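Scroll down for the structure; my scribbles are underneath it.
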Amino acid sequence: MRVLVVGSGGREHALCWKIRQSPRCGALYAAPGNPGMAPLAEIVDIPAREVGRIADWADERRIDLVVVGPDDPLALGIVDELEARGVRVFGPTRAAAQIEWSKSWARRLCIEADVPVPDSGSFDDQSAAHRYVDSRPPGLVVKADGLAAGKGTTVCRTQMEAHAAIDRAMRGRAFGAAGAVIVIEEMLSGFEVSVSAICDGSTYRMLPYACDHKALCDGDRGPNTGGMGTHSPPAGLAPASEREIELRVVAPLVRAMARIGRPFRGFLYPGVFVTPSGVKVFEINARLGDPEAQVILPRLDGDLLELMGVATDGNLARVSPVLPLSDGAACCVVLASAGYPESAQSGIPISGDLTDRPSLLHFHAGTRAAGDGLATGGGRVLGVTGLGTDLAAARDRAYAGVAAVGFAGMQFRRDIGQR
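For what it's worth, the numbering used here labels the leading residue of the sequence shown as 34, then goes sequentially.
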């Protein structure tokens with residue numbers, strides 16, 4: 034098969050790494066890719082947001098399957114563009130991807146489908162949003178309705194912080210058009226779980242659960258980011274909670290999307306809080322998480338390319354209800370450049386040992402070629418994933434890998450895998 038992966042982050046590097054292991058994979062391409070993908074895939078110099086150009090290129094090159102990684106091209110309708118040209122593609126249409134690119138729309142869908150969610154309100158009027166905050170007890174989360182690269186959420190412990198977050202999004206336009214509408218919801222207690230499933234429009238299969246660390250600093254302090262690390266499986270996630278997540282969240286969402294004529298095909302990723310009163314969905318994404326993919330895919334046994342092909346053709350019902358997973362655990366620590374998430378320093382030389390080993394993987398994100406070496410080229414630069422028989426061993430290997438890499442201003446959390 035001739036396969037094209039769209040995207041340039043750690044998630045897409047992990048996808049290329051996993052796809053390349055398939056005996057079905059012939060030629061593998063990545064658009065626009067990154068230097069870490071180059072040993073695995075031929076790099077195609079087309080930005081992921083230029084969906085028409087990518088669709089034309091895939092059609093001309095007779096690509097057998099396109100796999101879309103990031104949220105932006107999905108929201109721009111890349112799947113629709115490819116399907117219009119007769120190119121086989123794994124991912125949701127623009128209409129189905131609205132489950133991610135509009136939080137208010139997704140919240141209404143959840144309520145209609147009886148999927149448990151926090152108390153919340155959606156606002157396109159700044160004054161109404163402020164009045165809502167005044168009517169609520171302290172402890173709120175203010176979110177941009179649209180896509181904001183994982184940075185559109187502000188956790189507010191006081192009313193003053195919530196009012197400031199509203200002003201920043203709606204008056205200050207911190208997130209551009211994505212913040213013209215905001216969602217304000219109650220802050221949940223419990224622990225967070227990243228849920229992933231592969232879907233074919235009517236059927237789904239669960240992927241490994243993971244735990245994301247979104248805040249920049251240790252102890253979940255500092256601004257939200259796209260994710261500073263992740264581990265799988267989450268400590269303390271009971272089998273009963275796993276079953277509740279599948280039956281109360283994933284299954285009804287897949288049914289609801291099919292019922293409204295937007296069948297969801299691709300990777301579905303709800304973010305869930307496990308609370309004392311049960312699970313609640315606080316976000317829904319229409320693609321694999323990043324960095325979650327960097328621990329989920331190493332734990333997934335079997336042929337991912339075959340699985341995505343089966344899902345693309347609507348035949349997941351033929352696949353075993355329980356996907357095979359490797360024993361043990363995975364832990365990924367993200368290395369970010371100075372200034373992230375507000376800004377990012379590019380062009381800083383990266384030094385150290387980036388050699389992959391059976392229990393240590395390096396997934397590139399914001400890297401770029403610099404002479405014979407590498408330099409930073411974005412906010413989140415690298416994901417270092419350790420594998421082990423248990424989470425402690427995986428964590429030790431990940432941090433040993435982190436210690437072997439360096440660049441000026443490097444930021445990383447030291448508590449990944451300790452929840």
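Even glycine gets a Cβ: it sits at the ideal position worked out from N, Cα and C. The structure presented is a predicted model; accordingly, all values stated were derived computationally and were not measured.
{"Item": "The stretch 242-252 / the stretch 340-348 touching (three or more Cβ pairs under 8 Å)", "Value": "no"}
{"Item": "CB of L180 within 8 Å of CB of D104, strictly", "Value": "yes"}
{"Item": "Beta-carbon spacing of A371, R413 below 8 Å", "Value": "no"}
{"Item": "As assigned by DSSP and simplified to three states, the class of P303", "Value": "strand"}
{"Item": "Which listed residue (R53, G406, R452 and S392) has its alpha carbon closest to that of G434", "Value": "S392"}
{"Item": "Residue environment, E325, which counts as buried when at least 16 other CB atoms sit within 10 Å", "Value": "buried"}
{"Item": "According to DSSP, residues forming a beta bridge with D233", "Value": "R298"}
{"Item": "Every unbroken alpha helix (DSSP H) inside the stretch 346-433 [4 residues or more]", "Value": "none"}
{"Item": "Cutoff 6 Å; reference V534; Cβ partners in own chain excluding five residues on either side", "Value": "The structure shown does not extend to residue 534, since the chain is modelled only from 34 to 452, so the question has no answer here."}
{"Item": "Alpha-carbon spacing of R82 relative to A91, whole angstroms", "Value": "15 Å"}
{"Item": "Cβ distance (whole Å) where A284 is taken to contact H264 below 8 Å", "Value": "Not really, about 26 Å apart at Cβ, beyond 8 Å."}
{"Item": "C-beta atoms of A377 and G421 nearer than 8 Å", "Value": "no"}
{"Item": "Expected contact under 8 Å - CB spacing of A398 and L415 to nearest Å", "Value": "6 Å"}
{"Item": "I132 burial status per 10 Å Cβ neighbour count (16 or more: buried)", "Value": "buried"}
{"Item": "Complete alpha helix (DSSP H) runs within the stretch 36-102 (minimum length 4 residues, chain order)", "Value": "43-52 and 84-93"}
{"Item": "Limits of the unbroken beta strand (DSSP E) element including I278", "Value": "I278 -> not in any beta strand (DSSP E); alpha helix (DSSP H) instead, spanning P272 to I278."}
{"Item": "A146 to S137 span [Cα, whole Å]", "Value": "14 Å"}
{"Item": "V77 beta carbon less than 8 Å from that of A63", "Value": "yes"}
{"Item": "Counterpart residues of H163 in DSSP-defined beta bridges", "Value": "DSSP lists no partner for H163."}
{"Item": "Whole-angstrom C-beta distance between G185 and K176, which should lie under 8 Å", "Value": "6 Å"}
{"Item": "6 Å Cβ shell around V188 - same chain, five flanking residues per side excluded", "Value": "V174"}
{"Item": "Endpoints, the beta strand (DSSP E) within which R254 is located", "Value": "R254 to N257"}
{"Item": "CA-to-CA distance, A289 to L142, given in whole angstroms", "Value": "8 Å"}
{"Item": "S265 - DSSP class collapsed to helix/strand/coil", "Value": "strand"}
{"Item": "Burial state of Q54 (16 or more Cβ within 10 Å)", "Value": "exposed"}
{"Item": "Cutoff 8 Å; reference E375; Cβ partners in own chain excluding five residues on either side", "Value": "P256"}
{"Item": "Extent of the continuous alpha helix (DSSP H) run through E219", "Value": "No alpha helix (DSSP H) contains E219, which is instead part of the beta strand (DSSP E) from I215 to E219."}
{"Item": "With 16 other Cβ atoms within 10 Å as the buried cut-off, status of G252", "Value": "exposed"}
{"Item": "Backbone secondary structure at M239 - three-state DSSP", "Value": "strand"}
{"Item": "Straight-line gap, V226 to E275 (C-alpha atoms, nearest Å)", "Value": "10 Å"}
{"Item": "Neighbour-count burial assignment, T418, 16 or more Cβ in a 10 Å radius", "Value": "buried"}
{"Item": "P56 beta carbon less than 8 Å from that of P80", "Value": "no"}
{"Item": "M443 to T388 span [Cα, whole Å]", "Value": "19 Å"}
{"Item": "Sheet register partners of V226 (DSSP bridge)", "Value": "V305"}
{"Item": "Range covered by the alpha helix (DSSP H) that runs through L330", "Value": "A326 to R332"}
{"Item": "7 Å Cβ shell around R86 - same chain, five flanking residues per side excluded", "Value": "I79"}
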